[in-house]
Structures are given as structure tokens and as C-alpha cells.
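Numbering (this note's numbering), first residue to last: 325 to 752.
Yeah, the Cβ is synthetic: ideal placement off N, Cα and C, and Gly gets one too.
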Amino acid sequence: MAGKLLGALEVRDIKPGETEIIKRDGGGLEIRVYPSGGKIWQLRYEFGGKRRIMRLGEYPALSLAGARRKAEDAHRMLDAGIDPKVHEEEQENARIEADRIAKIEQAARKTFSDVFMDWNTAKLSKRNDGADLLRAIRKDIFPALGEKEIGSVTRADLMKCLDAVTSRGAPRMANILLTTLKTFYKWASLREIVIADPLGPVTAGDVGGKLPSRDRILSDAEIVDLFHKLPESGLSPKAQNAVMMVLATGCRLGEICLAEWAHVTDKTWVIPAENAKNGREHKITLSPFAQGLFRTLEADREGQWCLPSSKKIGSHQTRMSIGAALYDRQTERPQRQGRTAETSSLVLEGGHWTAHDLRRTCASGMQKLGVMPAVIDAVLNHKETKGVTQIYQRYGYAKEMADAWAKWGKHLTNLRAQAKGIALVAGE
């Protein structure tokens, strides 16, 4: 290389100044010395009529001899009509892409269940419904796909599992599983664990179908019948109380399942914001009827939960387990393995009902008793979505809600008395 101006010892002994120092070697090679003491080799050259600077590496990791070799390689590329800086950038991008693909391929070799449990730890377990959804995935997805490499799981594999859920008469659950899986795959795609979501084009209409909104409300006669049938249904006393609590307060089944004794006093039950669907704390003034339900639960109190799990120490019952128990007791089908033999014990005249229908029944019942719609919305802890209403109308209806719960509780007490009267007549 012509015009060699630098020696190895000279390069070593260059001292930093208050500003950057540049020492030139031959052929456009130079070393830049920063005030901090750092030394960088770079090459100045022209390509396509434009002046360019190409960084070659740091000294002393890249010696003078090494820098000259790199400069010579760059000049050979220039002679061949190749911009060495662009070539190096392309090579670096290719290396990055190769590393990325290698990591994706390595991640794709993890099993579906391993990756799903990583998502459970990171996200799903922090949701109020996380435990229920994980249980559903373990039941309907893991047996078929849990041990497959996640990169080999296809849309057809997943659809087969979802179709099986729909076929057994649970289209709503199939749609819930679809939503859960799509959320999981979005998380995995963002982290390049999978290249794409195999369920991307799939909608609820392709799985469980578009489900009609429910308007099921239990009549007073059906509530009397429910009071009569619950004790003979084989449903656990705690689950029976949970069902009645939804009817008495208008709460969601998941909210009573998450209730802790720390949230309950003699006359109030506070649903913390983290347990409420709309993320807003909800204070329920307990009617004497609802107070009696909590007293019954407290008589058999164990641990922090008002509805402790009978299967897992330290945990609570879930809305899906109670919901499944209610479903099993409203079918004429043969008993499913591991489920109750009381398959039609909670059938009511108006047809199939769910715990959420009891919440709707509470609202309808209060309306019949003269409670204003705005108060009923407050009882149900509905969140205002209209801008002006949300911003300016802050009145909480605490007194009106307490009166509504008291009126409805008294009505339920009368219906329960009728049920007991029916039971006495039937036993004579």
C-alpha cells in the first residue's frame, strides 16, 4: 500500500486531545482518536462520484496490519465496481436475518404446551379469567397438540380441536377458545416464536358460529322451583350459595368466586377493582337475604376465600367449574364421565339457564319492583361509555342501590318461603 505514514508503535502511542484527532495512513486509511481515548480505523473513498467513510473496526482489537488488509479488500471491491460499505451492510443484514431465522427455528422446536405455559406465566395468569381459560386449554387443546412442536401446529390441527368442542354442544366455549388462541398466537408472533398465526383468517362464524344474545329471565315461579331443586341437585353447598349470590346481588359469577373474607363485613361486600370486569371497585350493600348467604359460607370458613376450592388447597372455585356443573344438571343426555349423575336436576320450565341469566333476572326483578334503570345499571356495575355521562355524572346512587338490593332481597325471601311451603306440602 503506497504512502504508509503510520507505524505500529506510533499508533499505540497516540494520545487523545481535547478534540478528535485523525492520523492518516496511505490509500485513504486513517485512525480517528476521540477525546475519551477510543481509537477507530476508517477508510475514506469515493464511489459513484460521492465521498464515503467506512468504519473498519476499533483499535487495538483491529491492528494496523489488520486495518491495512481490510482497506486493501475494500479497494479490490472498488476496482470491481462494488461499494464496500454497502456490501458490508448487506453482509451484516444477512447475518442478522440468518440469526433471526435460526432463533425462530429453535423456538419452533419448543412444544405447544411449553410456549403456552410461558404465555400463561407472562400474561394469562394475571387475568381474572386466566385460571378458567388455562383449564379449558388443558382440557380441549393440550391432549391433541400439547406435545407437538409449536412450529408444526397447523390451522387444521387447531380447527379439529375447536370443531370437537362445538360438536359436543358447546359453541360458546369453542368461540372463547378461539379468542384465547388468537391472543396467544399474537403474543408468540410478536416474539418471533412463530412466524404467523395459523388462526389469522378464522372467525367465530367459522367455529361456534355467531351466537344470539341471551334474554333469558327466570320467572318468579321458576325461582321458587330453583329454591326447591337446588338442595337436591347434588351441587355443593358453596356452589349453591354462589348461584344464589348472583341472583341476590346481580354480581357476576366470577366476582363471587374471587371474593375474599377481607372484602366482606356484616352488611357490605366490596368487589375490588382488580376483580371487577370493568376495572372499577363496586360496593354492594347486602340485603338480609344476601347476609344469610355469607353467614352460611362463614360457618364452614376455611382460608381467605369465601368459596374455597374443594380440589385445590389454597385456591378458589371458578366460574367455569360452577357453570359446567349447572350445565350438566340441565341435560337429558347420559352422564358424562366424571360428572354428576343428577343430569336433569336443575331443569326449569323456561328452558336452559346460566348464572349470567340470574344476573339478568336480578335486574329485571328490580325493575318490576319500581327501581329506576340508572340505579339498576349502578347495581350491575355497568361502566358508562358515553363521553358526557362518563365525565360529568359522578353520582354513585349508594342509597338507591341499597334500597334496591333490600327490596329484591325481601322478594327473594318471600319466594324462598313459598319453596319451603311447597316442600312441606310435598312431604306430607
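Own chain partners of D521 with C-beta closer than 6 Å, once the 5 adjacent residues on each side are dropped: Y509, S513
Just the Cα atoms here: how many angstroms apart are G341 and P359? 5 Å
Let me know the secondary structure DSSP gives E370 once reduced to three states. strand
For R356 and E516, what's the separation of their Cα atoms in angstroms? 39 Å
Only counting the same chain, and skipping five residues up and downstream in sequence, which positions put a Cβ closer than 6 Å to that of I715? For I715, the pLDDT reaches just 40, beneath the cut-off of 50, and the residue's location in the model is therefore unreliable, although a value from the coordinates is still provided. Nothing meets the Cβ criterion.
Distance between D624 and L617 (C-alpha atoms, nearest Å): 12 Å
Once you ignore the five residues that flank Y721 on each side, which residues in its own chain have a CB closer than 6 Å to its CB? V699, A702
Might you give, ordered along the chain, the residues of its own chain that have their beta carbon closer than 8 Å to the beta carbon of G372, omitting 5 neighbours on each side? D407
Assuming the contact rule is C-beta atoms closer than 8 Å, L482 and L542 should be a hit. Round their C-beta distance to whole Å, please. Not really, about 37 Å apart at Cβ, beyond 8 Å.
If we count Cβ pairs, one from each stretch, closer than 8 Å, do we get three or more for the stretch 468-485 versus the stretch 435-446? yes
What does a CB cutoff of less than 8 Å around E344 pick up in its chain, not counting 5 residues either side in sequence? R356, V357, Y358, P359
Does DSSP put V335 in a helix, a strand or coil? helix
Burial state of D681 (16 or more Cβ within 10 Å): buried
Use the C-beta contact count for K744: other C-beta atoms within 10 angstroms, 16 or more gives buried, fewer gives exposed. exposed
For F466, the nearest candidate out of L505, P495, A494, N452 (CA to CA): L505
Helix, strand or coil for I595? Go by DSSP, reduced to three states. strand
Can you tell which of N705, L693, E724, L353 has its C-alpha closest to the C-alpha of L736? L693
Helix, strand or coil: how does DSSP classify G381 here? strand
Is the beta carbon of L739 sitting closer than 7 Å to the one on I547? yes
Contact set for A468: own chain, Cβ-Cβ below 8 Å, skip 5 residues either direction: D481, K484, C485
For I646, the first and last residue of its enclosing alpha helix (DSSP H): 643-652
Tell me which residues share the same chain as H399 and place their Cβ nearer than 7 Å to its Cβ, disregarding the 5 neighbours each side in the sequence. G351
Using only the alpha-carbon positions, how far apart do M441 and P612 sit? 44 Å
Beta carbon proximity, A391 to chain B, threshold 7 Å: The structure shown has no chain B; it contains just one protein chain.
Taking C-alpha atoms, which residue in L402, G361, R375, D530 lies nearest to P384? G361
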